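Okay, structure first, notes after.
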Amino acid sequence: GESVGLHLPTLSVQEGDNSIINCAYSNSASDYFIWYKQESGKGPQFIIDIRSNMDKRQGQRVTVLLNKTVKHLSLQIAATQPGDSAVYFCAENTPSGYSTLTFGKGTMLLVSP
Amino acid sequence: NAGVTQTPKFRILKIGQSMTLQCTQDMNHNYMYWYRQDPGMGLKLIYYSVGAGITDKGEVPNGYNVSRSTTEDFPLRLELAAPSQTSVYFCASSYAEGEQFFGPGTRLTVL
C-alpha cells in the first residue's frame, strides 16, 4: 500500500478562508517532507518543505506542521485565494541508499470567490 | 534558466510502437527522475539517475528503459507501447536528495 496518504481528496473553501490539507505517512524513518502544488495541465511546483528535526515551518501564506508522534503532516494556507485552487501533494523522503521521494495521491483544493 | 524541459507535449501511439520521451535540464543537477501520473493519482517513480552513467529502477520500471550519458539529458524509452502505459509522464531533477524541480509533462495515449 501507499506509505503516504491524504485524509481528504477534495477540499472546498471560500476565498479568504484558511485551508488545511492533511497527510499521513507510515514510515517513521522518513526525514524530509515536501508539499507540492499542481495546477491543471502543469507539473508539480514546490511550495514548502520541512525536515524531521522541525515541528513547524512557515513560508509566505503557508505553514507546514509535522507531528512525528502520529506521523502526520499538514499544510495550512492563510487567506486562500482562487489562484490557490490546485491539487496538493505531500511527499516523503526515506533514507535508503539513494533516497527518492514517495508521493501521496493528492488533495484537490477548490476555492470559490 | 529554462529549468526542466520535456518533449513532446502530447503523443498518441499505437500498441506495439516505440518512442522516446526527451528530458533536459539546465540547472546542472546531478539527480534526475521519471514519474508517471495516472488520472486522479499521485506520482509513481519509474526510473532515476544520480549522475551520468548511473541509473536505477523505481517503483514501476517494467516496460521502460533509460540512459544517462550526460548530466543534462535523461531520455525515457518505451519499446513496445501498451494501453497500460497511457499516462502523463513527468521528468524532474534535483541537486541532491530533496526538492525536485519538475518539467511540464508529456501526455501519452496508447491506442
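Going down the list, the sequences are from chains S and Z. According to this note's numbering, the stretch in the first sequence is residues 4 to 116, in order. According to this note's numbering, the stretch in the second sequence is residues -12 to 98, in order. Where a beta carbon is used, it is the ideal one built from N, C-alpha and C, also for glycine. Quick caveat: nothing in here was measured; it's all calculated off a predicted structure.
By DSSP, does Ser36 (chain Z) sit in helix, in strand, or in coil?
strand
Could you check how far apart the C-beta atoms of Trp38 (chain S) and Ile51 (chain S) are, in whole angstroms? I think they sit under 8 Å.
5 Å
In chain Z, what lies closer than 8 Å to Ile53 (chain S) by C-beta?
Here the premise fails: no neighbours, minimum Cβ distance about 11 Å.
Simplified DSSP state of Asp118 (chain S), which is helix, strand or coil:
Because chain S here runs from 4 to 116, residue 118 (chain S) falls outside it and cannot be looked at.
Would you mind sorting Ser5 (chain Z) into buried or exposed? The rule is 16 or more other CB atoms within 10 Å of its CB.
exposed
Please specify which runs of the alpha helix (DSSP H), each continuous and at least 4 residues long, are wholly inside the segment 12 to 59 of chain Z, giving them in chain order.
none
Could one say the Cβ of Pro47 (chain S) lies closer than 8 Å to chain Z's Cβ atoms, at least one of them?
yes
Would you grab the beta carbon distance between Thr(-8) (chain Z) and Thr11 (chain Z) for me? Rounded to a whole angstrom, and I think it's under 8 Å.
5 Å
Exposed or buried, Val114 (chain S), counting other C-beta atoms within 10 Å across all chains shown (16 or more means buried)?
buried
How far does the beta strand (DSSP E) with Phe36 (chain S) in it reach, from first residue to last?
Tyr35 to Gln41
In the DSSP output, which residue or residues are listed as bridge partners for Leu98 (chain Z)?
Beta-bridge pairing links Leu98 (chain Z) to no other residue.
Measure the C-alpha to C-alpha separation of Val67 (chain S) and Asn56 (chain S) and round it to an integer number of angstroms.
13 Å
Within the 8 Å Cβ cut-off, does Leu95 (chain Z) reach chain S?
no
Between the segment 36 to 55 of chain Z and chain S, which residues of the former have a C-beta closer than 7 Å to a C-beta of the latter?
Val37, Asp43 and Gly45
Cβ-based contacts, 9 Å cut-off: residues of the segment 17 to 37 of chain Z near chain S
Tyr18, Tyr20, Tyr22, Gln24, Gly27, Met28, Gly29, Leu30, Lys31, Leu32, Tyr35 and Val37
Just to check my reading of the structure: Leu63 (chain Z) and Val53 (chain Z) have Cβ atoms closer than 8 Å, yes? What is that Cβ distance to the nearest angstrom?
6 Å
Cβ-based burial, His10 (chain S) [other Cβ within 10 Å; buried from 16]:
Summary for His10 (chain S): the model assigns pLDDT 46, below 50, so the residue's position carries little reliability, and this model does not support an answer.
Would you mind telling me which residues of chain Z sit closer than 7 Å to Phe106 (chain S), beta carbon to beta carbon, in chain order?
Gly29 and Leu30
Assuming contact is defined by CB atoms lying nearer than 8 Å, are Thr110 (chain S) and Leu14 (chain S) in contact in what I supplied?
yes
Please return the same chain residues whose Cβ sits closer than 7 Å to the Cβ of Gly40 (chain Z), not counting the five positions on each side in sequence.
Arg55
Distance between Gly107 (chain S) and Met28 (chain Z) (C-alpha atoms, nearest Å):
8 Å
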